[in-house]
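Chains A and B, in that order, give the protein sequences. Position one of the first sequence corresponds to residue 1 (the UniProt record's numbering), numbered consecutively onward. Position one of the second sequence corresponds to residue 1 (the UniProt record's numbering), numbered consecutively onward. Think of the CB as a built atom: it goes at the ideal place given N, C-alpha and C, for glycine as much as any other residue. Just so it is clear, the structure is predicted and the values come from calculations on it, not from any experiment.
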Amino acid sequence: MHTTTVRSPRAFGPTRKSFIRRNLPYFLIAPSVVMLLALIAYPLLFALRSSFYFWNLQIGPEPLQFVGFENYVQAFNAFDFRAALTNTLILSMLGTTLEFTFGLAIALILLKALPGMNVVRALLILPTTIAPIVVGFLFRYLYDPGGGLLSWLLQSLWLPVPAEGILGSPSTALAAILLVDIWQWTPFFAIVLYASLLAVPDEILEAARLDRASAWTILMRIKLPLIKRTAIIIVMLRFMQIFNTFDTVLVLTRGGPGTSTRTLGYSLYEQGLVNFNIGLVSAMTWITVLIVNVIVALYVFFAFRNEEW
Amino acid sequence: MTIDIGNMSRRDLLKSASVAALVAGAGSLAIPRRGAAQDANTVRVLSVEDPFFFSMKALVPEYEKETGIKVELESLSYDALQSRLVSAFVAKTSDADVIVVDQMWLGQYLDNGWIIPLNDFIAKDNEFDLSDFIPEVLYSSNIWRGQVGTLPVAAYAQGVMYRKDVFDELGIAAPPTETSEDWTWTKYVDTLKSMEGKSFGGKPLFPTVVCGSQPSPIVHMFTQVSASHGANWFKSFPAAPWDFSPQLTSPAWIKSVEVYRQLYKLSPPEAINYVWFDAGTRFAKGDIGMFYWWTPYFYLIKNSGYMTGKKSDVMEKYATAALPKAEGVPQTVSLGGWSLGIPSSSERQEAGYAFIKWATSKATQKKMALWPDLNYQFSDFARVSLYQDEEVKAIYPYLDVQYAMMKQGNGKVTRPPVPGYTAIESVLGLTLNQLLTGSEEPKTGLERANSLFESILKGNLMIPYQKDSYADTLDGAKALIAKK
Numbered sequence: 001m002h003t004t005t006v007r008s009p010r011a012f013g014p015t016r017k018s019f020i021r022r023n024l025p026y027f028l029i030a031p032s033v034v035m036l037l038a039l040i041a042y043p044l045l046f047a048l049r050s051s052f053y054f055w056n057l058q059i060g061p062e063p064l065q066f067v068g069f070e071n072y073v074q075a076f077n078a079f080d081f082r083a084a085l086t087n088t089l090i091l092s093m094l095g096t097t098l099e100f101t102f103g104l105a106i107a108l109i110l111l112k113a114l115p116g117m118n119v120v121r122a123l124l125i126l127p128t129t130i131a132p133i134v135v136g137f138l139f140r141y142l143y144d145p146g147g148g149l150l151s152w153l154l155q156s157l158w159l160p161v162p163a164e165g166i167l168g169s170p171s172t173a174l175a176a177i178l179l180v181d182i183w184q185w186t187p188f189f190a191i192v193l194y195a196s197l198l199a200v201p202d203e204i205l206e207a208a209r210l211d212r213a214s215a216w217t218i219l220m221r222i223k224l225p226l227i228k229r230t231a232i233i234i235v236m237l238r239f240m241q242i243f244n245t246f247d248t249v250l251v252l253t254r255g256g257p258g259t260s261t262r263t264l265g266y267s268l269y270e271q272g273l274v275n276f277n278i279g280l281v282s283a284m285t286w287i288t289v290l291i292v293n294v295i296v297a298l299y300v301f302f303a304f305r306n307e308e309w
Numbered sequence: 001m002t003i004d005i006g007n008m009s010r011r012d013l014l015k016s017a018s019v020a021a022l023v024a025g026a027g028s029l030a031i032p033r034r035g036a037a038q039d040a041n042t043v044r045v046l047s048v049e050d051p052f053f054f055s056m057k058a059l060v061p062e063y064e065k066e067t068g069i070k071v072e073l074e075s076l077s078y079d080a081l082q083s084r085l086v087s088a089f090v091a092k093t094s095d096a097d098v099i100v101v102d103q104m105w106l107g108q109y110l111d112n113g114w115i116i117p118l119n120d121f122i123a124k125d126n127e128f129d130l131s132d133f134i135p136e137v138l139y140s141s142n143i144w145r146g147q148v149g150t151l152p153v154a155a156y157a158q159g160v161m162y163r164k165d166v167f168d169e170l171g172i173a174a175p176p177t178e179t180s181e182d183w184t185w186t187k188y189v190d191t192l193k194s195m196e197g198k199s200f201g202g203k204p205l206f207p208t209v210v211c212g213s214q215p216s217p218i219v220h221m222f223t224q225v226s227a228s229h230g231a232n233w234f235k236s237f238p239a240a241p242w243d244f245s246p247q248l249t250s251p252a253w254i255k256s257v258e259v260y261r262q263l264y265k266l267s268p269p270e271a272i273n274y275v276w277f278d279a280g281t282r283f284a285k286g287d288i289g290m291f292y293w294w295t296p297y298f299y300l301i302k303n304s305g306y307m308t309g310k311k312s313d314v315m316e317k318y319a320t321a322a323l324p325k326a327e328g329v330p331q332t333v334s335l336g337g338w339s340l341g342i343p344s345s346s347e348r349q350e351a352g353y354a355f356i357k358w359a360t361s362k363a364t365q366k367k368m369a370l371w372p373d374l375n376y377q378f379s380d381f382a383r384v385s386l387y388q389d390e391e392v393k394a395i396y397p398y399l400d401v402q403y404a405m406m407k408q409g410n411g412k413v414t415r416p417p418v419p420g421y422t423a424i425e426s427v428l429g430l431t432l433n434q435l436l437t438g439s440e441e442p443k444t445g446l447e448r449a450n451s452l453f454e455s456i457l458k459g460n461l462m463i464p465y466q467k468d469s470y471a472d473t474l475d476g477a478k479a480l481i482a483k484k
């Protein structure tokens, strides 16, 4: 008797299907995870390993010897690195705070249906589209003590301008770098916050107005809480961006006078791409990564304490 | 100890690339890389965008027409050039057949095997006349451990530029065109002080201008003063046996900082941020009495800005003079400039040598000098014969002064071309920049720099020195030249 065994499609079909279906999210996310590991985790781990070795490309292409925490000690003992860390923290904290404040103010003005606002909105985005290195050159001319517009403006307003120029004095140079950042990135806050404020339901605002709530109360009790998540995220992003400030420092001051405008980004550039001290720059990179992550973690913890994150 | 990059594994290359990418990411600076396969009939030349580049570029079509070889000429800024070169050499992916090498990079490039010595090419080439080059230039910029690593395409000394009309009106004696015991840094500062607080043409006059920006610009200018005062960076270099114990606390360094601070006080205060051409173009604006700088500024100040071609206010009103010296110390002039070399990774080394030979030849250098654009912008000759060429001298009347400075030059003493130079230059540049503001005594700042130098040099295995020393002398270089 000839018999033919026909396996029911159910014998393996549903099993395979359910396996794929069950693991579909992992399959979909796998390429991204692989890419992330390759592009972020591997270089970071490799840099961690390098930070424990003496490795200078000017002396040789390979790490020469294990030096333990010597590179970390050297980084912290270098007075320019400590100055860079301080300057970077000042720039990041002040820059983010001021840009957020000014950006919010501009966003609130944009909400008013004043004439010409369409043009203003279009113009606002322009500074953020210019490369930082170009902005640096632009401000170098604006700060020029021999007739630069900003120097002239301050002198016209009887405000003191240092004899060595705004960029030449340790007392004003860092503020000058900060001003450049504020000029370029405040519009970013303004545009994003404006978009968020547009999403605040009119009926809530109308109800508040009927209850005779003041503009300040509406801002603090309704608008800001409703755009809080967006605000937290963009503040975090900008903080991390300013922490890497490099281009404007290179063009405007090269970290001087002295160490007054040196930033971590500039120090990393100098040790990595000028001195080619890979061991030291790896240690400095890890110190930077740890500091940024600790600050961001604390910020996220407190900012989203009562929120879903 | 010799480090061979030829044995680098693929895995290590990937590691290096990863680190380079990480560093580039941290510094927000991408290193451009060209991936296209090279045309067999093409020579790729990677240069810095100094003045010589523009006149050389203007003549490249002529070279292409004569030889049928296409030249791909690319230029970068100073910092970007070394970043690109070192990254490429470590990964063995240099995309150039000819590269421009700064004087201080020579030791590092040859010791690491990144460029090849040119001795064999020169020895085989019956047409090549090495003896026409100024020995002091070849010694300073091109010879390392008895090998010719590069050939000079633009040789720089340092010299003085002053305003004839200002000196005449204020009744100040013109500085001499020849070195003498009477022309000292003390006299130079005194001459500047006689212009202090004066006006000229209804405008305030600054006696001088210096470079204050860290790290390279201020070091380039300051080290002329320190070399004049007999200051050495190390206990023993270039004389053998090499001992790289730093010597920044010596009286000569302290005296040099004091002189440089005096010069800064007589300069526009914003000079604290001046890079190379800021100082040069400031003189061209017309409110500076006298300054010293690299000899390309002998012609660059004819323009109102760097390579603008627009005539400056001082075009017909300035003259050049000899550098001052320190009392009782033989003069040492800072020599530097740019040279051409061949990367060991190049597959077209013969073609590279042919280009170098053409670019550094007397004929090409003369054509570069006679190129009329930008108000004639090239007189950085390394060849003796061009300093005696009447046609060239008619355009560049200061060549006698420049040649005299070249003959007193020693780049190995002023800015030693040792591996790891940029790291110690960073420390010195920052220290000098801080000392200009006067907030610290020179002795204190230099002691700190000396300590950092020692730490860096020990970390870089330079103290104690672990490789073979080499008795590097000018006479040795002259003997090498005479062999050809």
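Own chain residues within Cβ distance below 6 angstroms of residue i, not counting five before or after
i, result
"residue 425 of chain B", "215, 219"
"residue 149 of chain A", "142"
"residue 125 of chain B", "none"
"residue 166 of chain B", "200, 289"
"residue 32 of chain B", "With a pLDDT of 41 at residue 32 of chain B, under the threshold of 50, the modelled position of that residue is not reliable, and the figure given next carries that caveat. Nothing listed; no residue qualifies."
"residue 169 of chain A", "162"
Check whether residue i and residue j have beta carbons under 9 angstroms apart
i, j, result
"residue 184 of chain B", "residue 347 of chain B", "no"
"residue 108 of chain B", "residue 459 of chain B", "no"
"residue 274 of chain B", "residue 217 of chain B", "yes"
"residue 51 of chain A", "residue 285 of chain A", "yes"
"residue 313 of chain A", "residue 263 of chain A", "Residue 313 of chain A falls outside the range modelled here, since chain A spans only 1 to 309, and no answer is possible."
"residue 339 of chain B", "residue 110 of chain B", "no"
"residue 480 of chain B", "residue 64 of chain A", "no"
"residue 295 of chain B", "residue 228 of chain B", "no"
"residue 124 of chain A", "residue 190 of chain A", "yes"
"residue 310 of chain B", "residue 163 of chain B", "no"
Closer than 7 angstroms at the beta carbon, the chain A residues around residue i
i, result
"residue 460 of chain B", "56, 59"
"residue 419 of chain B", "58, 59"
"residue 423 of chain B", "275, 277"
"residue 213 of chain B", "254, 256"
Contact set between residue i and chain A, taken where Cβ atoms lie within less than 8 angstroms
i, result
"residue 83 of chain B", "273, 274"
"residue 278 of chain B", "In chain order: nothing, as chain A lies at least about 10 angstroms away."
"residue 79 of chain B", "273, 274"
Beta-carbon neighbours of residue i, restricted to chain A and to distances below 9 angstroms
i, result
"residue 426 of chain B", "80, 270, 271, 274, 275"
"residue 269 of chain B", "145, 162, 163, 164, 165, 168, 169"
Chain-order list of residues whose beta-carbon lies under 8 angstroms from that of residue i (same chain, five-residue window excluded)
i, result
"residue 182 of chain B", "176"
"residue 311 of chain A", "This structure leaves residue 311 of chain A out entirely; chain A is present only between 1 and 309."
"residue 310 of chain A", "Past the boundaries of the shown model lies residue 310 of chain A; chain A is included only from 1 to 309, so the question cannot be answered."
"residue 412 of chain B", "139, 140, 237, 238, 472"
"residue 257 of chain A", "164, 168, 169, 170, 173"
"residue 496 of chain B", "Residue 496 of chain B is absent from the model: chain B starts at 1 and stops at 484."
Cβ shell of residue i (< 7 angstroms), same chain only, five flanking positions each side left out
i, result
"residue 135 of chain A", "180, 184, 248"
"residue 57 of chain A", "276, 278"
"residue 488 of chain B", "Coverage of chain B is limited to positions 1 through 484, which leaves residue 488 of chain B absent and any answer about it impossible."
"residue 57 of chain B", "73"
"residue 242 of chain A", "91, 92, 95, 96, 181"
Nearest-angstrom beta carbon gap, residue j and residue i [assumed within contact, 8 angstroms]
i, j, result
"residue 272 of chain B", "residue 270 of chain A", "That pair is no contact at about 18 angstroms."
"residue 405 of chain B", "residue 474 of chain B", "With a Cβ gap of about 15 angstroms, residue 405 of chain B and residue 474 of chain B do not count as contacting."
"residue 463 of chain B", "residue 250 of chain B", "Not a contact, Cβ separation roughly 17 angstroms."
Residue i: CB within 8 angstroms of a non-hydrogen atom of the ligand GTP
i, result
"residue 475 of chain B", "With respect to the ligand GTP, the structure offers nothing, as it holds no ligand at all."
Per-residue contacts from residue i into chain B (C-beta, under 9 angstroms)
i, result
"residue 127 of chain A", "Those do not exist, as residue 127 of chain A stays about 18 angstroms from chain B at its closest Cβ, beyond 9 angstroms."
Where residue i meets chain B, residues with beta-carbon distance less than 7 angstroms
i, result
"residue 68 of chain A", "Going along chain B, no residue has its Cβ under 7 angstroms from residue 68 of chain A, so there is no contact; the nearest lies around 13 angstroms."
"residue 253 of chain A", "273"
Within chain B, partners of residue i - CB distance below 8 angstroms
i, result
"residue 259 of chain A", "430, 434"
Which whole runs of the beta strand (DSSP E) in the stretch 88-165 of chain B are 3 residues long or more, in chain order?
With a minimum length of 3 residues, the continuous beta strand (DSSP E) runs that stay inside the stretch 88-165 of chain B are 98-102, 151-156, 158-163.
For the stretch 89-157 of chain A, list the alpha helix (DSSP H) runs that are entirely contained and at least 4 residues long, ordered along the chain.
Within the stretch 89-157 of chain A, complete alpha helix (DSSP H) segments of at least 4 residues are found at 117-124, 126-129, 132-142, 149-156, given in chain order.
Would you list, in sequence order, the uninterrupted alpha helix (DSSP H) runs of no fewer than 4 residues that lie entirely inside the stretch 173-252 of chain A?
Counting only runs of 4 or more, we get 173-198, 202-210, 215-218, 228-243, 247-252.
My parser needs the alpha helix (DSSP H) runs of 4 or more residues fully inside the stretch 371-400 of chain B; what are they?
Counting only runs of 4 or more, we get 384-387, 390-395.
What ranges does the alpha helix (DSSP H) occupy inside the stretch 406-481 of chain B, keeping only unbroken runs of at least 4 residues that lie completely in it?
Scanning the stretch 406-481 of chain B from its first residue to its last, the whole alpha helix (DSSP H) runs of 4-plus residues come out as 411-414, 421-436, 442-459.
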